[in-house]
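For the protein sequence lines, the chains are U and Y, in the order given. 1 is the number of the first residue of the first sequence in this note's numbering; add one for each residue after it. 130 is the number of the first residue of the second sequence in this note's numbering; add one for each residue after it. Worksheet: the structure to be examined is printed underneath.
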Amino acid sequence: MMQRVFMTKHPYYLNLLQIRLPIGGWVSILHRASGALLSVLVPVLLYGLMLSLASPEGFARVRGFLAGGPGWLIGLLVSWALLHHFLAGLRHLGFDFGWGEDRRRARQTAWLVLSLALALTALIALGSL
Amino acid sequence: MPHVAGAHRGLDIWLIQRASALVLAIGLPAFLLYAASQPVLDYAAWRSLFVPLPAKVGGLLCILAVLVHAWIGLREIFIDYVHHLGLRVLLYFAFGVLYLGCLIWAVDILWGVQ
Numbered sequence: 001m002m003q004r005v006f007m008t009k010h011p012y013y014l015n016l017l018q019i020r021l022p023i024g025g026w027v028s029i030l031h032r033a034s035g036a037l038l039s040v041l042v043p044v045l046l047y048g049l050m051l052s053l054a055s056p057e058g059f060a061r062v063r064g065f066l067a068g069g070p071g072w073l074i075g076l077l078v079s080w081a082l083l084h085h086f087l088a089g090l091r092h093l094g095f096d097f098g099w100g101e102d103r104r105r106a107r108q109t110a111w112l113v114l115s116l117a118l119a120l121t122a123l124i125a126l127g128s129l
Numbered sequence: 130m131p132h133v134a135g136a137h138r139g140l141d142i143w144l145i146q147r148a149s150a151l152v153l154a155i156g157l158p159a160f161l162l163y164a165a166s167q168p169v170l171d172y173a174a175w176r177s178l179f180v181p182l183p184a185k186v187g188g189l190l191c192i193l194a195v196l197v198h199a200w201i202g203l204r205e206i207f208i209d210y211v212h213h214l215g216l217r218v219l220l221y222f223a224f225g226v227l228y229l230g231c232l233i234w235a236v237d238i239l240w241g242v243q
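Have a look at this one:
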């Protein structure tokens with residue numbers, strides 16, 4: 001009988017397209033994805049910092065790149081990644097100190113992180129139009 | 130999968146990840162406030178932000194925290210998704226060299242502003 005229970009359809013392989021992630025799971029995988037994106041972009045961001053400080057022309061180039069077109073979208077994506085990673089990281093530091101670990105509070109802060117990062121990104125988008 | 134590190138390293142790495150996160154949790158908002166103190170953020174004002182020595186030291190500390198944090202974070206990702214040990218170590222090494230280069234580059238960028 002026990003054997004039959006274990007043999008029922010049971011997603012032991014965590015295929016992200018098949019399982020339904022709880023909200024904390026979404027915040028977690030986006031924390032990882034945003035961290036990976038930012039890690040790979042470190043040299044690009046340093047290049048932007050170098051250009052912006054080197055000369056007025058370089059500063060204008062960085063400004064112009066971020067002002068419109070694909071550069072604007074890339075800037076927003078990086079802003080969202082930084083905001084989400086930052087806020088999700090604060091939530092994790094909270095867990096480390098034992099704050100917000102119960103399920104109800106953890107779900108509330110997960111929603112808060114997800115929506116606050118998106119809302120602040122939307123504000124940046126509106127402010128840079 | 131053979132072990133390539135001593136058993137004590139996990140806790141060190143866990144702590145360094147939190148310490149670098151804490152530096153950035155303070156440093157990034159502090160920099161935003163510092164930048165917001167300029168009435169207009171044109172080239173001259175942007176450049177002047179990086180002239181004082183405390184700004185250079187604080188900026189380099191934050192960049193160091195980013196590099197260490199990113200290197201450890203990528204290590205977690207490589208451990209989860211790159212199962213070929215040689216490739217995993219090679220990636221970890223490559224990003225280590227890249228980030229060390231970035232650190233030296235960051236010194237040049239920051240101390241180039243006089």
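Positions of the beta carbon are idealized from the N, C-alpha and C atoms, including for glycine. Since the model is a prediction, treat every value here as computed from it, not as a measurement.
task: Output, in sequence order along the chain, the residues in the segment 87-108 of chain U whose CB is closer than 7 Å to any CB in chain Y.
output: Within the segment 87-108 of chain U, the qualifying residues are G89, L90, L93, D96.
message: I need the straight-line Cα distance from L232/Y to I192/Y, nearest angstrom please.
response: 7 Å
task: Report yes or no: is there a C-beta of chain U within less than 7 Å of the C-beta of V236/Y?
output: Not one chain U Cβ lies under 7 Å of V236/Y.
- prompt: Going by the C-beta, is I192/Y closer than 6 Å to any heavy atom of the ligand GTP?
  reply: With respect to the ligand GTP, the structure offers nothing, as it holds no ligand at all.
- prompt: Closest by CA to V218/Y, which one among G230/Y, L227/Y, L229/Y, R204/Y?
  reply: When G230/Y, L227/Y, L229/Y, R204/Y are compared, the shortest CA-CA separation from V218/Y is found for R204/Y.
message: Counting only beta-carbon separations shorter than 7 Å, does L53/U have a partner in chain Y?
response: yes
field: Option nearest V40/U by Cα separation, candidates I155/Y, G241/Y, G225/Y, I208/Y
entry: G225/Y
- request: Using a Cβ-Cβ cut-off of 7 Å, state whether L203/Y counts as contacting chain U.
  value: Nearest CB-CB separation between L203/Y and chain U: below the 7 Å threshold.
query: For I19/U, does the three-state DSSP call read helix, strand or coil?
result: coil
message: Please return the same chain residues whose Cβ sits closer than 7 Å to the Cβ of F65/U, not counting the five positions on each side in sequence.
response: Taking C-beta separations shorter than 7 Å and ignoring five residues to either side along the sequence, the partners of F65/U in its chain run G71, following chain order.
- prompt: Helix, strand or coil: which one does DSSP assign to E101/U?
  reply: coil
task: Within its chain, find whatever has a CB closer than 7 Å to the CB of L38/U; leave out the 5 residues flanking it on each side and keep chain order.
output: Here the set comprises A81, L82, H85.
query: Which whole-angstrom value describes the C-beta separation of A184/Y and L190/Y, a residue pair presumed to lie in contact below a C-beta threshold of 8 Å?
result: Rounded, the Cβ-Cβ distance is 11 Å, inconsistent with contact.
- prompt: Do you know offhand how far L220/Y's Cα is from P168/Y's?
  reply: Cα-Cα distance, rounded: 44 Å.
task: Could you tell me whether the Cβ atoms of W234/Y and L17/U are closer together than 7 Å?
output: Contact: no.
- prompt: Would DSSP call F179/Y helix, strand or coil?
  reply: Under the three-state reduction of DSSP output, F179/Y falls in the coil class, being neither helix nor strand.
message: Quick check on C168/Y: does DSSP put it in helix, strand or coil?
response: The question names Cys, but residue 168/Y in the sequence shown is Pro. Coil, per DSSP.
- request: Give the straight-line distance between the Cα atoms of A150/Y and L87/U, rounded to the nearest whole angstrom.
  value: 11 Å
field: Alpha carbon of G94/U to alpha carbon of A117/U, nearest angstrom
entry: 17 Å
task: Hey, could you find the ends of the alpha helix (DSSP H) G79/U is sitting in?
output: It is worth fixing the name first, because residue 79/U is Ser in this sequence and not Gly. Segment 69-96, the alpha helix (DSSP H) holding S79/U.
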